[in-house]
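Take any residue in the sequence shown, note its place counting from 1, add 3, and you have its number in our numbering. Idealized CB from N, CA, C, for every residue including glycine. Below is one structure; the comments refer to it alone.
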Amino acid sequence: MSPSEHKKPSQVVKEKFHKSQHWGFCNNVRMLVSDEKPGIGGAPLPGQKIKPKYSIYPKGDGSDVPSWVAFDKQVLSFDAYLDRSQTKYRIRYYKIYFYLEDDTIQVNEPEVKNSGLLQGTFLRRHRITLPPPDDDQFYTVYHFNVGTEVVFYGWKFKIYDCDAFTRNFLRKIGVKVNPPVQRPEDPYVKIRREAVEHVEPLRPYKSLNTPKQFYQYHGKILRFFCLWDDSVSMFGDRRELILHYFLCDDTIEIKELLPPNSGRDAVNVFLRRSKLPKNCPPRVYQPGQVTDRAVPNSYGDFIKNQAGSYLFDRYKLGKIDQEFYKDSDLSLGVTINVWGRKVLLYDCDEFTKSYYKSKYGIENFTSVSCKRPSPPPKIERKFPPYNGFGSEEDSLRNCIDLRPTPHRRNFKKFMEKDSYGSKSNILRFFAKLVTDKSVDLDRRFVVSYYLSDDTISVFEPIQRNSGIAGRMFLKRSHVKKPGQEVFKSELSEYIKAEDLYIGVTVNVNGYLFHLLNADEYTLNYMEQNADKYPFSNLRLILQKLKQEEGKFRELKQVFKAADCKHTNMMDYNTFRDILMSLTVGNLTEQEFVTIACHYRAPEGTCPDTNLLIALAHEKLKKNMFEDFDTLIYSCVYKDRQKKNVLPTKDIKRLCKSFRLPLSDDLLESLLSRFEDSEKQIDYKSFFSALNWRKNPVPELQPASYLKERCEDVWLGMPSPIPAKYIDYWTFLKDVFGLEKTMPVSVSSL
Numbered sequence: 004m005s006p007s008e009h010k011k012p013s014q015v016v017k018e019k020f021h022k023s024q025h026w027g028f029c030n031n032v033r034m035l036v037s038d039e040k041p042g043i044g045g046a047p048l049p050g051q052k053i054k055p056k057y058s059i060y061p062k063g064d065g066s067d068v069p070s071w072v073a074f075d076k077q078v079l080s081f082d083a084y085l086d087r088s089q090t091k092y093r094i095r096y097y098k099i100y101f102y103l104e105d106d107t108i109q110v111n112e113p114e115v116k117n118s119g120l121l122q123g124t125f126l127r128r129h130r131i132t133l134p135p136p137d138d139d140q141f142y143t144v145y146h147f148n149v150g151t152e153v154v155f156y157g158w159k160f161k162i163y164d165c166d167a168f169t170r171n172f173l174r175k176i177g178v179k180v181n182p183p184v185q186r187p188e189d190p191y192v193k194i195r196r197e198a199v200e201h202v203e204p205l206r207p208y209k210s211l212n213t214p215k216q217f218y219q220y221h222g223k224i225l226r227f228f229c230l231w232d233d234s235v236s237m238f239g240d241r242r243e244l245i246l247h248y249f250l251c252d253d254t255i256e257i258k259e260l261l262p263p264n265s266g267r268d269a270v271n272v273f274l275r276r277s278k279l280p281k282n283c284p285p286r287v288y289q290p291g292q293v294t295d296r297a298v299p300n301s302y303g304d305f306i307k308n309q310a311g312s313y314l315f316d317r318y319k320l321g322k323i324d325q326e327f328y329k330d331s332d333l334s335l336g337v338t339i340n341v342w343g344r345k346v347l348l349y350d351c352d353e354f355t356k357s358y359y360k361s362k363y364g365i366e367n368f369t370s371v372s373c374k375r376p377s378p379p380p381k382i383e384r385k386f387p388p389y390n391g392f393g394s395e396e397d398s399l400r401n402c403i404d405l406r407p408t409p410h411r412r413n414f415k416k417f418m419e420k421d422s423y424g425s426k427s428n429i430l431r432f433f434a435k436l437v438t439d440k441s442v443d444l445d446r447r448f449v450v451s452y453y454l455s456d457d458t459i460s461v462f463e464p465i466q467r468n469s470g471i472a473g474r475m476f477l478k479r480s481h482v483k484k485p486g487q488e489v490f491k492s493e494l495s496e497y498i499k500a501e502d503l504y505i506g507v508t509v510n511v512n513g514y515l516f517h518l519l520n521a522d523e524y525t526l527n528y529m530e531q532n533a534d535k536y537p538f539s540n541l542r543l544i545l546q547k548l549k550q551e552e553g554k555f556r557e558l559k560q561v562f563k564a565a566d567c568k569h570t571n572m573m574d575y576n577t578f579r580d581i582l583m584s585l586t587v588g589n590l591t592e593q594e595f596v597t598i599a600c601h602y603r604a605p606e607g608t609c610p611d612t613n614l615l616i617a618l619a620h621e622k623l624k625k626n627m628f629e630d631f632d633t634l635i636y637s638c639v640y641k642d643r644q645k646k647n648v649l650p651t652k653d654i655k656r657l658c659k660s661f662r663l664p665l666s667d668d669l670l671e672s673l674l675s676r677f678e679d680s681e682k683q684i685d686y687k688s689f690f691s692a693l694n695w696r697k698n699p700v701p702e703l704q705p706a707s708y709l710k711e712r713c714e715d716v717w718l719g720m721p722s723p724i725p726a727k728y729i730d731y732w733t734f735l736k737d738v739f740g741l742e743k744t745m746p747v748s749v750s751s752l
């Protein structure tokens, strides 16, 4: 038997629970301090975290998180009262707080006004032992429930209720929470409340400086929106006002809402803060007539006893009653008298509505309509018709002012649309002259529209061997629309930017110009402003083409026959002829140019395989690369199954290892041409095609420019067509859907 087993039970309990302690200071607080060192069987120091060996709280699966971490800042709150046997007459209510992180308990007594008791913290936060004979144990969460009693140091507390969090927590850990118990009422508080309600003090005078109203309503202001209509008087006007009613002292302040450029002083105070009388005083009051207290006599020695030197008139004889506006006098639709001015209250803010709803029970807060009366109809001013001298704008200015001033241009539009940087803000169109004279049929013009001031200029470039010298055909000016009366009172209408687009015929001072094409900036501008140019709206154009769904099969066959190399692309002129012939005039020139700009192939795209091979031969010749047989032998060695094909990635890796002098883009394009549906390449055909010794191809020829068929020659320069090649496969997919379009085919050698 061990030595500890020979000890008496009292000795074991004493050694276990009774440690030598003494009074000391910790954090400037006098408390009991254990003689043993913390952490070696001694009592824990204040703030020391204690990890219990066994926890009664639910844990997660496999979690070793300490309880002080899991239940940090979680407190159970119970409502309790002291047993009447412990108090002679009073019943005192308490709040018991149980801290889940360390099982500490704190008891507070809520403060009751005029109770006469010292209230606040009853027991500071610490762990509390159970009453004897279980004083070797501490209170846990399972000792608390509604309707039970707990004893703290001889004080018996009866728990009658708890909050929602406490109820839910106890239910989750398996405690059946009892229903709330009705608490007894404190007799003294009841008698005190009845006495205050029924006893009215009999005082001759009320205190003038009582701060009750100030403390209760300080910072609370009622706000009304008002109107003072002074338009009936000479030089009068309608004045928008805001009325502030201060609840702390029943004063009123009125401010004026000054509109911009009103011409009035910047001071917006209409009425200084003061009490507003209901009736304007007929005369000025004499001193002493308007006062809160009357002092008819004085007695005693004023110097020795100042407090008893005055005798007030409790009946307030001679006092003039003066009525001031109160909060009960203000409501929507009421007209108040502000020192002789009739001010209408037509609306208020949300705080004012809630105040009147809670205090006076008012529910209707419909704002009063105070619109300006409709002005008398304006007499239409008529101007004499244009007489033909000068411009129409100058003639109109002569009729408006005695001293005519020049016509003002739109300066804001000029600043926004004037040319700056790379933006010219000029729409340029290529046009031809529509005439019956054979001499003028070949004349070409450039029509420029300036967005800054809506002017138009027409220039005729120089054409070699034409006999016509280039010159300015029309100086920059406004161009009137045809068919308007010359001598009239209204200003004429001029040609706008929306009236100019490809394919339209414009009448410029009697000369007809057919617009053939436009530059890149003009096309981009019309696409960006598709709301003004419906012929440049791609969505509307595709919807129009979708109505031609019956011609889809015919359109598919025509495109397939024209694309003999199966590149899914074709040149601009062929695409235009096919599309314009099948739509039978449903598409305008502007709509077709919009389609061509959107579905044009990139400039670097090479639709011909022979052209790619010719480019590769040129680079291989320059670098004298001839190891094609070695490349084929390497491919045969990797082709263990003898299928004569290898994956594309293996061919690409092999070309890199042999340092094939081709760029990545060119190599990718060549591999895509020889690739089948399974991402494999016939390596013998591929490297045989690259062998410039055995399989030479014609040398590259300089690319010839394309001319637009609607006009064979344009100013002796290449036609500014929007694109050389059109991706018609993507066009068919967007118009008729993906399932109806032809699959992509790979061209073969």
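{"Query": "Under 7 Å between C-beta atoms of Leu-649 and Tyr-686", "Result": "yes"}
{"Query": "Endpoints, the alpha helix (DSSP H) within which Thr-169 is located", "Result": "167-175"}
{"Query": "Coarse secondary structure for Asn-401, derived from DSSP in three states", "Result": "helix"}
{"Query": "Element boundaries [beta strand (DSSP E), containing Ala-83]", "Result": "78-85"}
{"Query": "Test item: CB-CB of Leu-1 and Ile-505 under 7 Å", "Result": "Because the chain here runs from 4 to 752, residue 1 falls outside it and cannot be looked at."}
{"Query": "Chain-order list of residues whose beta-carbon lies under 8 Å from that of Glu-395 (same chain, five-residue window excluded)", "Result": "Tyr-389, Leu-494, Ser-495"}
{"Query": "Residue environment, Ala-619, which counts as buried when at least 16 other CB atoms sit within 10 Å", "Result": "buried"}
{"Query": "Alpha-carbon to alpha-carbon, Asp-105 and Val-192", "Result": "37 Å"}
{"Query": "Own chain partners of Ser-756 with C-beta closer than 7 Å, once the 5 adjacent residues on each side are dropped", "Result": "An answer regarding residue 756 cannot be provided, because it is not within the stretch 4 to 752 covered by the chain."}
{"Query": "Proximal residues to Val-184 (C-beta, below 6 Å), its chain only, five neighbours per side dropped", "Result": "Gly-150, Tyr-163"}
{"Query": "Distance cut-off 6 Å: Glu-557 Cβ against heavy atoms of the ligand FAD", "Result": "Absence of the ligand FAD from the depicted structure is noted, as is the absence of any ligand whatsoever, leaving it without description."}
{"Query": "Local Cβ density within 10 Å of Pro-49, reported as buried at 16 or more and exposed below that", "Result": "Its pLDDT being 43, under 50, Pro-49 is placed unreliably in this model, and the value from its coordinates should be taken loosely. Looking at its Cβ environment, which holds fewer than 16 other Cβ atoms inside 10 Å, Pro-49 is exposed."}
{"Query": "Candidates Ser-688, Ile-654, Leu-693, of which the one nearest Lys-624 by Cα", "Result": "Leu-693"}
{"Query": "Among Gln-487, Asp-642, Lys-682, Phe-689, the one whose alpha carbon lies nearest that of Cys-658", "Result": "Phe-689"}
{"Query": "Whole-angstrom distance between Val-738 and Trp-732, CA atom to CA atom", "Result": "10 Å"}
{"Query": "Whole-Å CB distance - Met-573 paired with Ile-471, under 8 Å assumed", "Result": "Contact doesn't hold; Cβ gap of about 36 Å is too wide."}
{"Query": "Cys-567 - DSSP class collapsed to helix/strand/coil", "Result": "coil"}
{"Query": "Nearest-angstrom Cα separation, counted from Val-437 out to Asp-443", "Result": "8 Å"}
{"Query": "Option in Tyr-248, Phe-538, Arg-411, Pro-136 with minimal Cα separation from His-221", "Result": "Tyr-248"}
{"Query": "Inter-residue spacing [alpha-carbon to alpha-carbon] between Leu-274 and Glu-243", "Result": "13 Å"}
{"Query": "Limits of the unbroken beta strand (DSSP E) element including Glu-197", "Result": "It is not in any beta strand (DSSP E) - Glu-197 instead sits in the alpha helix (DSSP H) that spans 190-201."}
{"Query": "Expected contact under 8 Å - CB spacing of Ser-370 and Asp-421 to nearest Å", "Result": "With a Cβ gap of about 48 Å, Ser-370 and Asp-421 do not count as contacting."}
{"Query": "Residue range of the beta strand (DSSP E) that includes Gln-325", "Result": "Run containing Gln-325: none; DSSP gives neither H nor E here."}
{"Query": "Own chain, CB closer than 8 Å to Ile-654, minus 5 neighbours either side, in chain order", "Result": "Cys-638, Leu-674, Ile-684, Tyr-686, Phe-689"}
{"Query": "Within the region 109-175, ranges of the beta strand (DSSP E) (whole runs, at least 3 residues)", "Result": "123-129, 152-155, 158-165"}
{"Query": "Per-residue burial, Pro-610 [other beta carbons within 10 Å of its own, 16 or more giving buried]", "Result": "In this prediction, Pro-610 scores a pLDDT of 49, lower than 50, which makes its location untrustworthy; the coordinate-derived value is nonetheless stated afterwards. That one is buried."}
{"Query": "Other residues of its chain near Leu-246: CB distance less than 6 Å, five sequence neighbours each side excluded", "Result": "Phe-227, Cys-229, Ile-257"}
{"Query": "Integer Cβ distance of Lys-599 from Ala-726, believed to fall under 8 Å", "Result": "For the sequence presented, residue 599 should be read as Ala rather than Lys. Right, their Cβ atoms sit about 5 Å apart."}
{"Query": "Segments of 4+ residues assigned as alpha helix (DSSP H) that fall wholly inside the region 367-435", "Result": "395-403, 414-420"}
{"Query": "Given 8 Å, three or more beta-carbon pairs between the region 535-550 and the region 458-468", "Result": "no"}
{"Query": "Proximity of Asn-413 and Pro-407 at Cβ, strictly below 7 Å", "Result": "no"}
{"Query": "Euclidean distance between Cα positions of Phe-677 and Pro-664", "Result": "19 Å"}
{"Query": "Spatial distance of Arg-95 from Ser-334 (CA atoms)", "Result": "47 Å"}
{"Query": "Within the region 565-645, ranges of the beta strand (DSSP E) (whole runs, at least 3 residues)", "Result": "none"}
{"Query": "Sub-7 Å separation of Tyr-97 and Val-78 beta-carbons", "Result": "no"}
{"Query": "Between the CA atoms of Phe-217 and Asp-240 - distance to the nearest angstrom", "Result": "38 Å"}
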